[in-house]
Amino acid sequence: MAKKFYLTTAIDYVNAAPHIGHAFEKVLADAIARWHRLQGDKTWFLTGTDENAQKNVQAAKEAGVPVREFVDKNSQYFIQLCKELNLSNDDFIRTTEKKHVKICQEIIEKANKNGDIYKGSYEGLYCAGCEGYKTEKDLVNGKCPEHPNRPITVIKEDAYFFKLSKYKKQIEKFIEDRG
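Just add 281 to wherever you are in the sequence shown, counting from 1, and you've got this note's numbering.
Pasting the structure below:
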C-alpha cells in the first residue's frame, strides 16, 4: 500500500520579487516530492504565496500602488518562478483565493464551535522585518540578527489563541505511534 506524503514550502510574502533563497527552497522541496513519488508514495506538493502580511501592505504603500493590485502582480512572479524551475507542485495557493479563505473560515468556525479558540493578549519583542516576536536570547545587542537596522518594539495586542494543550495526549500518542 502506498504511503501518503504531504510537503509544502513556506508560503512566501509577495512584498518583493522572488530571490535565490525562494528558488533554493522550492527546488529542494521539489526534489523531495519527486523522490517520494519514485518510491511509490501518494505525494502532494504545495507551494504558494501569503498575501495577508504587513510587509505586503508596507511595500505596496511605498510603491504607491493599491495593495490588491500589488499582491496580484507580485504573486505572478512566484507562479512564473515555479514554471521556470519546472516544479512538480500539485497546487499553488494564494491566501487571497476564495478556496483558501473558505477553508480557513470553516476550520476556524469548527475550532470555535469546539471551544478551542479563546481571546487573550500577547506582549513581546517584535521585529517588523521578521514579522515575528523574539525573545531576549534571540537578540544580539538588543537587535534582531537578521534585521539589525530595524528597531525591536514592544507590542501588546489582543489576539485569538488555539487551545493546543487540550490535545496534548492525542498529539503525543500520534507521534509515539509513528515513532
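Heads up, the beta-carbon is just placed ideally off N, CA and C, and yes, glycines get one too.
Since we're looking at a predicted model, the values are computed, not measured.
R318, enclosing alpha helix (DSSP H) - first and last residue: On the sequence shown, position 37 is the one that residue 318 refers to. Element bounds for R318: 301-319.
Three-way DSSP call (helix, strand, coil) for C411 in this model: Within the sequence shown, numbered from 1, the residue matching residue 411 stands at position 130. C411 falls in the coil class under three-state DSSP.
Through-space distance from A314 to W325, alpha-carbon basis: Against the sequence shown, residue 325 aligns to sequence position 44. Against the sequence shown, residue 314 aligns to sequence position 33. Rounded to whole angstroms, W325 to A314 spans 8 Å at the Cα level.
Residue environment, G329, which counts as buried when at least 16 other CB atoms sit within 10 Å: Translated into positions along the sequence shown, residue 329 becomes position 48. It counts as buried.
Beta-bridge partners of L327, as assigned by DSSP: In the sequence shown, the residue the question calls residue 327 occupies position 46. Paired residue(s): T289, D372.
C-alpha distance - D372 paired with N422, whole-angstrom precision: As a first step, residue 372 must be located in the sequence shown, where it is residue number 91. As a first step, residue 422 must be located in the sequence shown, where it is residue number 141. Straight-line Cα distance between these residues: approximately 42 Å.
For D397 and K454, believed in contact at Cβ under 8 Å, the rounded distance: Taking the first residue of the sequence shown as 1, we reach residue 454 at position 173. Taking the first residue of the sequence shown as 1, we reach residue 397 at position 116. So it is not a contact: roughly 18 Å between Cβ atoms.
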